[in-house]
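Visitor: Numbering (my numbering), first residue to last: 505 to 1319.
I'd like to ask some things about the structure below.
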């Protein structure tokens, strides 16, 4: 929860990281506080503003989707307790974050709360719609009885349609209903609407009152004013109809509109809640990967224990078809493990002794025994869930547009509603006070700040979840937005394009004039030369020596011990194996010892041109073989670079290798530009030079040695490696061991930004068109009015449509 924040005036987060030497480090803490009671973008904007104004708060992000607030603050100026109190003082609920609760447990609790909310909203919505339907049927006899008042209500297009189509059917099917006393109907409708408002609609009024107390307004204010005004007018008409008749105003009742508006808004809330749950489906799937129990071997006995009872160092047994409970290191057994749910790798990974396994992955065949290492919040799965939750709770810069509009939206709508009422009374007095009243209510009901507030967060949630399913961990909306603008990809060679570990790629025997050698088969001679070579190299700690030993072991050779060994820096090694004197090294070593290499010089030069390192092998003073060792290109690197080109990206390779080796690798992979001979300290300058040329640069590296360059780049993409995942180093972590995720991340970013802009456009256009129509802008020319009930349905669908549009990202093709 604690950390440090680098602050520098006029420099953003990326800039401050890149120029760490020029900034002041101030201790800060980060806390995520669960928040309840938020219903729309205005709530989110208000609470975020209030938290940001608290003393000691450096940054505050409130997330409507996840119902939490993430705050960065100075612990010397404020505390978590003070922040919780500040949230509660605004009328919203807040809980203290539990110290020892993992991200997995937090997500489980959030999912349960989301499901409870959806079920409650669904029940209340259905009940309100049924009540509204009953009220609408019973209102039809009243329209006939009310005469002039009924004629005014005929201007409502919904009621007009009911009178033309439904009323004749009801008269023939239910004639008794038209004989019921009008006052009795009104009192029944009054009781029914009162129940709906006090039960199903109570949430709107309590939240509106809370907002009023804090001198703000939100969506609940609009719904409460619209339905409250209709209810109070109808109640007054029911209780004292003579008061209205005496003043020439029809004592109409609008109880059916009250119930239907509440019901339709709740339908929208329920659909929105359900869709929100779908946006978090990736997180839910990750949480479900963790088994609840594990089989542990203690004192030679197997026992099934709860996951939280496993201790570091415990030996865990996993049978075929079971999920691996925790991270660990295999100590016995052999199997293949499906890690696709965490890394996106399509093929199972073979696991044997000393290999790492990750909790949540699926053991396919064979049994494994492994020693538990990282547990709880330190496990790979918990880290991924934590990062994904943080990403989904983050904000994209484009969200600021919606925030600015949301801050003034509700007051603006209230003003428009007042102007609408006044305009109808001033310019169309013949229409009656009830028409002016209905138009003002319709304006209040149709306006929806929720759609605008959900436009960006829903897209961020779905996109980060889609990326996680593919093995791409994107750290929030800001990284997503910056990725869209990338035009240059800088790839570190070692460990990124290549495997990062040398391998023997070629082995050629020299022609021999030894009669004994000529009587042996070439394979036997090759095995003998390789055997003594690997035996001598086994005494060396050089990476090239390890590659030779691994190559020999893979051939099934049983290596003897070297009798003598000496390392000659800059030349190679010399020694004795099975009584034979060996020289292994470069041309200088061979020349120094008078070994003739000319017959195979062309072979060695060809190896060098291909980016490989040739090593000469001499036995008893005669050339025996030449082999090549190289850092091999990862499977998929060539195809990944081609996909980057398809996305219109310029690909640059950055390496400390010499020009010849670098260009050999670059030519095979297909990169556009090579920056060779770059030392680790010079990688930042290399990225800066590209940025100075006007390029928007993404850097792909291993996340450790490349951390400064990753920070300097506009976007840093970190290559993860097994269980040792440097997930904090970049803006994006690629869980796969190859480059296929780079182009996929760019594709995802561009698709997400396209959806965000669509959401914002339609949310804005909905209000720009809907509010004037609700006010009656089309009435003078076309005689068209909008019913408050239809307006409430449109409001409900607007938020749902934004969330549904974002959900399309779950099907975005990334391959």
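Using N, Cα and C, we set each Cβ at its ideal position, and we do this for glycine too.
Quick caveat, the model's predicted, so the values are computed rather than measured.
Using the Cα positions of residue 1275 and residue 951, report the straight-line distance between them to the nearest angstrom.
Guide: For the purposes of this step, residue 1275 is identified with residue 771 of the chain shown, where counting begins at 1. For the purposes of this step, residue 951 is identified with residue 447 of the chain shown, where counting begins at 1. Distance between the alpha carbons of residue 1275 and residue 951 is about 6 Å.
Visitor: Confirm the yes/no value for this check: CB of residue 584, any heavy atom of the ligand FMN, distance under 6 Å.
Guide: This structure lacks the ligand FMN, and indeed carries no ligand of any kind.
Visitor: In whole angstroms, what separates the C-alpha of residue 709 from that of residue 686?
Guide: Along the chain shown, one-based indexing puts residue 709 at 205. Along the chain shown, one-based indexing puts residue 686 at 182. Going by the C-alpha atoms only, they are around 29 Å apart.
Visitor: Give me the Cα-Cα distance between residue 565 and residue 721, rounded to the nearest whole angstrom.
Guide: In the chain shown, counting from the first residue as 1, residue 565 sits at position 61. In the chain shown, counting from the first residue as 1, residue 721 sits at position 217. Whole-angstrom Cα-Cα distance: 20 Å.
Visitor: Identify, in the order they occur along the chain, each residue of the same chain with its Cβ nearer than 6 Å to the Cβ of residue 728, setting aside the five sequence neighbours on each side.
Guide: The residue you call residue 728 lines up with position 224 of the chain shown. The answer, listed in chain order, is 708, 709, 712.
Visitor: Quick one: give me the first and last residue of the alpha helix (DSSP H) that residue 1157 is part of.
Guide: To locate residue 1157, count along the chain shown from 1; it is residue 653. Looking at the DSSP string, residue 1157 is not in any alpha helix (DSSP H); the run it does join, the beta strand (DSSP E), is 1154-1158.
Visitor: If you follow the alpha helix (DSSP H) that residue 810 is in, where does it begin and where does it stop?
Guide: Here the question's residue 810 lines up with position 306 in the chain shown. Counting along the chain, residue 810 falls outside any alpha helix (DSSP H), though it belongs to the beta strand (DSSP E) covering 805-810.
Visitor: Are residue 883 and residue 870 closer than 7 Å when you measure CB to CB?
Guide: Position 379 of the chain shown, counted from the start, is the residue given in the question as residue 883. Position 366 of the chain shown, counted from the start, is the residue given in the question as residue 870. No. Outside cutoff.
Visitor: Please say whether residue 865 and residue 894 have beta carbons closer to each other than 7 Å?
Guide: Position 390 of the chain shown, counted from the first residue, corresponds to residue 894. Position 361 of the chain shown, counted from the first residue, corresponds to residue 865. Result no, Cβ atoms of residue 894 and residue 865 do not sit closer than 7 Å.
Visitor: With distance defined between alpha-carbon atoms, name the residue in 574, 1068, 1091, 1090 nearest to residue 1081.
Guide: Residue mapping note: residue 1081 aligns to position 577 of the chain shown, counting from 1. For residue 1081, the nearest C-alpha among the options comes from 1068.
Visitor: Counting Cβ pairs closer than 8 Å, one from the segment 926-944 and one from the segment 573-588, do we hit at least three?
Guide: In short, these stretches do not touch, since the Cβ pair count stays below three.
Visitor: Between the Cα of residue 875 and the Cα atoms of 852, 913, 836, which residue gives the shortest distance?
Guide: On the chain shown, residue 875 is found 371 positions in, with the first residue counted as 1. With distances taken between Cα atoms, residue 875 lies closest to 836.
Visitor: Tell me the DSSP bridge mates of residue 597?
Guide: Residue mapping note: residue 597 aligns to position 93 of the chain shown, counting from 1. Paired residues: 540.
Visitor: Report the partner residues of residue 1088 according to the DSSP bridge assignment.
Guide: Within the chain shown, residue 1088 is the residue found at index 584, counting from 1. For residue 1088, which the question treats as bridged, DSSP gives the partners 1077, 1121.
Visitor: Let's see if you can read the secondary structure: which residues bound the alpha helix (DSSP H) around residue 1162?
Guide: As a working mapping, residue 1162 is identified with position 658 in the chain shown. Element bounds for residue 1162: n/a, residue is neither H nor E.
Visitor: Just to confirm the assignment, what range does the alpha helix (DSSP H) spanning residue 867 have?
Guide: Within the chain shown, the letter at position 363 stands for residue 867. Residue 867 -> not in any alpha helix (DSSP H); beta strand (DSSP E) instead, spanning 866-869.
Visitor: Taking the CB atoms as reference points, tell me whether residue 976 and residue 1168 lie closer together than 7 Å.
Guide: Here residue 976 refers to the residue found at position 472 when the chain shown is read from its first residue. Here residue 1168 refers to the residue found at position 664 when the chain shown is read from its first residue. No, the pair does not count as a contact, with Cβ atoms beyond the cut-off.
Visitor: What's the call for residue 1306, buried or exposed, on a 16-neighbour Cβ count within 10 Å?
Guide: Translated into positions along the chain shown, residue 1306 becomes position 802. Flag for residue 1306 reads buried.
Visitor: For residue 766, which of helix, strand or coil comes out of DSSP?
Guide: Translated into the one-based positions of the chain shown, residue 766 becomes position 262. Residue 766 falls in the helix class under three-state DSSP.
Visitor: Taking the continuous beta strand (DSSP E) assigned at residue 1238, which residues delimit it?
Guide: On the chain shown, position 734 is the one that residue 1238 refers to. Where residue 1238 is concerned, the enclosing beta strand (DSSP E) stretches over 1236-1238.
Visitor: From the DSSP output, which residues share a beta bridge with residue 873?
Guide: Locating residue 873 in the chain shown gives position 369, where the first residue counts as 1. Paired residues: 821, 836.
Visitor: Pull the bridge partners of residue 1011 from the DSSP assignment, please.
Guide: On the chain shown, residue 1011 is found 507 positions in, with the first residue counted as 1. The partner list for residue 1011 (beta bridge, DSSP) reads 1131.
Visitor: Take residue 632 and list the residues in its own chain whose beta-carbon comes closer than 7 Å to its own, dropping the five residues that flank it on each side.
Guide: On the chain shown, position 128 is the one that residue 632 refers to. Same-chain partners within the cutoff: 700, 704, 763, 766, 767, 770.
Visitor: Just verifying my parser: in three-state terms, what is the DSSP assignment at residue 1062?
Guide: The count along the chain shown starts at 1 and reaches residue 1062 at position 558. Coil at residue 1062, not helix or strand.
Visitor: Going straight from the alpha carbon of residue 1222 to that of residue 536, what length do you get?
Guide: Residue numbering aside, residue 1222 sits at position 718 when the chain shown is read from its first letter. Residue numbering aside, residue 536 sits at position 32 when the chain shown is read from its first letter. If you take the alpha carbons of residue 1222 and residue 536, they lie about 25 Å apart.
Visitor: Buried or exposed: which applies to residue 1316, given that a residue is buried once 16 or more other Cβ atoms fall within 10 Å of its Cβ?
Guide: The residue you call residue 1316 lines up with position 812 of the chain shown. By the 10 Å Cβ count, residue 1316 comes out buried.
Visitor: Between which residues of its own chain and residue 690 is the CB-CB distance below 6 Å, once the five residues before and five after are set aside?
Guide: In the chain shown, counting from the first residue as 1, residue 690 sits at position 186. Correct list, in chain order: 742, 757.
Visitor: Start and end of the alpha helix (DSSP H) containing residue 702?
Guide: Residue mapping note: residue 702 aligns to position 198 of the chain shown, counting from 1. Note, residue 702: alpha helix (DSSP H), 686-703.
Visitor: Residues in the same chain with beta-carbon distance under 6 Å from residue 1117, minus the five sequence neighbours each way, listed in chain order, please.
Guide: Your numbering for residue 1117 matches position 613 in the chain shown. Correct list, in chain order: 1133.
Visitor: Nearest-angstrom Cα distance between residue 1199 and residue 1035?
Guide: Numbered from 1 along the chain shown, position 695 holds the residue referred to as residue 1199. Numbered from 1 along the chain shown, position 531 holds the residue referred to as residue 1035. C-alpha separation (whole angstroms): 52 Å.
Visitor: Taking all protein chains shown into account, decide if residue 928 is buried (16 or more other Cβ within 10 angstroms of its Cβ) or exposed.
Guide: Against the chain shown, residue 928 aligns to sequence position 424. Buried.
Visitor: In the DSSP assignment, what residue or residues form a beta bridge with residue 1143?
Guide: Taking the chain shown and counting its residues from 1, one reaches residue 1143 at position 639. Paired residues: none, contrary to the question.
Visitor: Could you tell me how far apart the beta carbons of residue 1260 and residue 960 are, in whole angstroms, since I believe they sit closer than 8 Å?
Guide: Numbered from 1 along the chain shown, position 756 holds the residue referred to as residue 1260. Numbered from 1 along the chain shown, position 456 holds the residue referred to as residue 960. Rounded, the Cβ-Cβ distance is 5 Å, consistent with contact.
Visitor: In whole angstroms, what separates the C-alpha of residue 510 from that of residue 990?
Guide: Residue 510 sits at position 6 when you count from the first residue of the chain shown. Residue 990 sits at position 486 when you count from the first residue of the chain shown. Model confidence at residue 510 stands at a pLDDT of 31, short of 50, so the residue's coordinates are unreliable and nothing is read from them.
Visitor: For a quick check, are the C-beta atoms of residue 542 and residue 568 less than 7 Å apart?
Guide: Translated into the one-based positions of the chain shown, residue 542 becomes position 38. Translated into the one-based positions of the chain shown, residue 568 becomes position 64. In contact: residue 542 and residue 568 (Cβ atoms closer than 7 Å).
Visitor: Near residue 1163, which residues of its chain fall below 6 Å by C-beta distance, leaving aside the five closest residues on each side in sequence?
Guide: Taking the chain shown and counting its residues from 1, the one referred to as residue 1163 is at position 659. Once the five neighbours on either side are set aside, the close Cβ partners of residue 1163 are 1180.
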